[in-house]
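Have a look at the structure below, then the notes.
There are 4 protein chains.
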Amino acid sequence: MKRERDWHTCSLRVRYSETDQMGVVYHANYLTWFEIGRTEFIREKGMAYKEAESLGLLMPVVDVQIRYLHPARYDDVVEVRTRIAELGAIRMRFEYEIRNAVQSGAILATGRTEHVWVGKDWKPVRLAKAAPEIYRVLLETARETN
Amino acid sequence: MKRERDWHTCSLRVRYSETDQMGVVYHANYLTWFEIGRTEFIREKGMAYKEAESLGLLMPVVDVQIRYLHPARYDDVVEVRTRIAELGAIRMRFEYEIRNAVQSGAILATGRTEHVWVGKDWKPVRLAKAAPEIYRVLLETARETN
Amino acid sequence: MKRERDWHTCSLRVRYSETDQMGVVYHANYLTWFEIGRTEFIREKGMAYKEAESLGLLMPVVDVQIRYLHPARYDDVVEVRTRIAELGAIRMRFEYEIRNAVQSGAILATGRTEHVWVGKDWKPVRLAKAAPEIYRVLLETARETN
Amino acid sequence: MKRERDWHTCSLRVRYSETDQMGVVYHANYLTWFEIGRTEFIREKGMAYKEAESLGLLMPVVDVQIRYLHPARYDDVVEVRTRIAELGAIRMRFEYEIRNAVQSGAILATGRTEHVWVGKDWKPVRLAKAAPEIYRVLLETARETN
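Residue numbers (the working numbering), protein chains in the order written: chain A, 1 to 146; chain B, 147 to 292; chain C, 293 to 438; chain D, 439 to 584.
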C-alpha cells in the first residue's frame with residue numbers, strides 16, 4: 001500500500017489540559033499536535049529540529065489551515081500523520097491528518113502548515129546554503145513521501 | 147471611513163505564557179485571540195456566547211486559516227479586529243486581523259474561522275429556529291459589517 | 293531497591309509549545325505533567341480516570357505545590373514519577389518528581405497535588421461509597437507505594 | 439481600609455481556552471493569572487518586566503503554591519490581587535488572591551510564587567548590584583505593601 005508509506009505516523013494520548021468545556025479538545029491544540037508530527041517525522045530521518053535552532057536557523061509558521069471533521073476527546077489515542085508536501089529553497093509545506101487511533105480509525109482533522117527558514121534576525125535564508133546537511137535530509141524525505 | 151466601521155476592535159496584552167523559545171508568540175495562540183475577538187464582538191451586540199451554550203447550543207470551529215506576517219512579542223498590545231464574513235442557516239464565518247496596536251500599527255496576522263451551530267448531541271441545528279433571538283442579533287451584526 | 297518501587301514512572305518529550313521566551317519550559321506546564329503522571333499511574337492499576345468522570349465523579353485539584361530545581365528544555369525527555377502520598381475518605385494527595393531522563397538524570401522539580409472527590413454538583417463525596425471499586429484500586433495502590 | 443491598599447488589583451475575563459471538560463478553569467491557568475498580576479503590579483510602579491529581560495536579567499519561578507477554593511468559570515471577570523511578600527538580595531516572593539469580581543466577590547484561590555534573579559547563564563545575581571534602579575522600584579513597592 002503505497003499510500004500508507006507516504007505518511008510518517010506517531011501517536012499521542014489526549015491530555016486533560018487539552019480539553020475545553022465543550023467536552024472536546026480545544027481547536028488550537030491541533031497545531032501543537034501538527035508540531036509534534038513534523039518534529040518526529042524529521043527526527044526519524046536523522047535530524048532533530050533543535051539542532052537547526054542551535055545553528056541559528058528558525059522555521060516559523062507563516063500559514064496554517066485546519067479542517068475539523070470529528071472532535072477528539074480526553075484520553076483518546078490519536079495518530080498524527082505527517083508528510084512534506086513541498087520543499088523549496090526557503091519555504092516548505094507539511095500536510096497532516098489526525099486520526100482516532102483505537103476506537104474508530106476515523107479522520108478527525110486534516111491540515112497543512114507552511115514555513116519559511118529564517119536566521120536569528122528573522123530574515124529568510126536559503127536552507128541549502130545555510131545548512132546543506134539539513135536540506136539534504138529534508139529533500140530525501142520529501143522525495144520519499146511524494 | 148467606512149472601512150474602519152466594518153470591524154469590531156478589542157485589544158489585549160501579550161502574556162509571557164503565550165511566548166515560545168523563538169522569542170515570539172507561539173502560533174497556536176492566535177486562535178485564542180480570534181476567539182476573544184468574536185466573543186467580544188457579539189457581546190457588544192448584546193449577546194454573550196455563554197448564553198448560547200446555556201441554551202444547549204455550541205458553535206465549534208470546523209475550519210481555520212491563519213496567515214502570519216510579523217511576529218507578536220511579549221508585552222505587546224495587540225488589536226484584534228473581527229467581522230462576520232458570512233452567516234448562513236447553520237454555518238458562519240468570521241474574519242480577523244491582528245495588529246500591533248501601539249508601536250508600528252502593522253498587521254501581524256490575518257485569518258478566518260468557520261463554525262457550525264450544533265446541539266449537545268453535536269448534530270447541526272438551524273440557528274434561526276433553535277434560537278431566533280441570537281440569530282437576529284448575528285444577522286443585524288453581519289449586515290452592519292458587510 | 294525499595295525506593296525505586298515506590299514510584300510509578302512515565303516519560304514524555306518536551307513540546308515546543310511548552311517553552312517560553314526564557315528558553316525553558318513555562319512553569320505552569322509542570323502541572324500538566326503531574327496530571328499525566330497520576331493518570332498513567334492509576335491507568336496502570338486498572339482504572340482510567342475518565343471512567344470516574346463517566347460515573348459523575350470529578351477529582352478537582354484543591355491545592356498544589358511545586359519546587360523548581362533545574363529548568364526542563366525543549367525536546368528533553370523527562371520522567372514523571374508519581375506516588376499516592378495520602379488517601380482519605382474524600383481527599384487524596386499525590387507526590388511527584390520530574391527528572392531529566394536521558395542526559396543528566398537530575399531532578400528538575402518536585403511537587404504535590406491535593407484533590408477532593410466531588411459529584412457533578414461539586415459537593416464532596418465519599419469515594420468508598422460512591423465508587424467502591426475505584427476506591428479499592430486506589431487503596432491497594434496507595435498501600436504499595438507507602 | 440488599609441487592607442485594601444495593600445494589594446495591587448487588576449482584572450481579566452476568563453477565556454474559553456482556559457476551561458477544561460470539568461466546565462471550569464483548568465488549574466494550571468491560575469499560574470498565568472499570577473504572572474499577569476505581578477507584571478501589572480510592577481508596571482504600575484514604573485517598571486516593565488521586559489526591560490529587566492532586555493538587561494539580561496531573568497526572574498524564573500522557583501516555588502509555587504496554590505490553594506483552590508471555588509472554581510472560576512468561562513466568561514467570569516476575575517480580579518487578580520498581588521503583593522510583594524518578601525524582597526531579598528536575590529530572591530523575592532509574591533502573594534496572590536483571585537476573586538470573582540462581579541457576581542459573588544468570593545475568593546476563588548490564593549497562592550504565592552517565589553523567584554530568584556538570575557543572569558542569562560542562569561546563575562543568581564544580586565539585583566541591587568546588577569540593576570539598582572529596578573531594585574529600588576521593587577523595594578519601594580515592597581515597603582508600601584507591607
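The beta carbon of each residue, even a glycine, is placed where N, CA and C say it ideally should be.
All values derive from a computational prediction rather than experimental measurement.
Quick check on the DSSP output: the alpha helix (DSSP H) that includes residue i runs from which residue to which?
i: V283(B); result: 278-290
i: Y49(A); result: 49-54
What does DSSP give as the partner residues of residue i in its beta bridges?
i: F41(A); result: Paired residues: none, contrary to the question.
i: G549(D); result: I504(D), Y534(D)
i: R529(D); result: V554(D)
i: L204(B); result: V264(B)
i: V102(A); result: V102(A) pairs with nothing; no bridge assigned.
i: V25(A); result: T19(A)
What number of angstroms, rounded off, separates the C-alpha of residue i from the C-alpha of residue j?
i: G105(A); j: L496(D); result: 46 Å
i: T259(B); j: H154(B); result: 15 Å
i: V556(D); j: Y360(C); result: 14 Å
i: T579(D); j: R519(D); result: 14 Å
i: R229(B); j: E181(B); result: 12 Å
i: V208(B); j: A194(B); result: 21 Å
i: V356(C); j: V271(B); result: 42 Å
i: R529(D); j: I572(D); result: 14 Å
i: R441(C); j: A420(C); result: For residue 441(C) there is no data in the structure shown, the boundaries of chain C being 293 and 438.
i: K483(D); j: G475(D); result: 13 Å
i: A527(D); j: R365(C); result: 27 Å
i: M22(A); j: P352(C); result: 18 Å
i: I66(A); j: D444(D); result: 47 Å
i: T178(B); j: R435(C); result: 43 Å
i: I545(D); j: I334(C); result: 32 Å
i: E535(D); j: P132(A); result: 53 Å
According to the Cβ coordinates, are residue i and residue j closer than 8 Å?
i: G111(A); j: Y30(A); result: yes
i: T462(D); j: P509(D); result: Checking the sequence shown, residue 462(D) turns out to be Val, not Thr. Yes; because the gap between Cβ atoms is below 8 Å, this pair is in contact.
i: E241(B); j: A231(B); result: yes
i: S54(A); j: D458(D); result: no
i: D147(A); j: V116(A); result: A question about residue 147(A) goes unanswered here, because the residues of chain A that appear run from 1 up to 146.
i: R391(C); j: V370(C); result: yes
i: E197(B); j: C156(B); result: no
i: L158(B); j: L233(B); result: no
i: A28(A); j: A174(B); result: yes
i: K412(C); j: G348(C); result: yes
How far does the beta strand (DSSP E) with residue i in it extend, from its first residue to its last?
i: E79(A); result: 77-87
i: S11(A); result: 8-13
Determine the DSSP secondary structure at residue i, reduced to helix, strand or coil.
i: I182(B); result: helix
i: R418(C); result: coil
i: Y366(C); result: coil
i: R441(D); result: Residue confidence is low: R441(D) scores 45 on pLDDT, short of 50, so the model does not pin down where it sits. No coordinate-derived value is stated.
With a threshold of 7 Å, establish whether the CB of residue i neighbours any heavy atom of the ligand MG.
i: L69(A); result: For the ligand MG, the structure offers nothing, since it holds no ligand at all.
Less than 8 Å between CB atoms is the rule here; does residue i satisfy it with respect to chain E?
i: Q211(B); result: The displayed structure is made up of protein chains A, B, C and D, and chain E is not among them.
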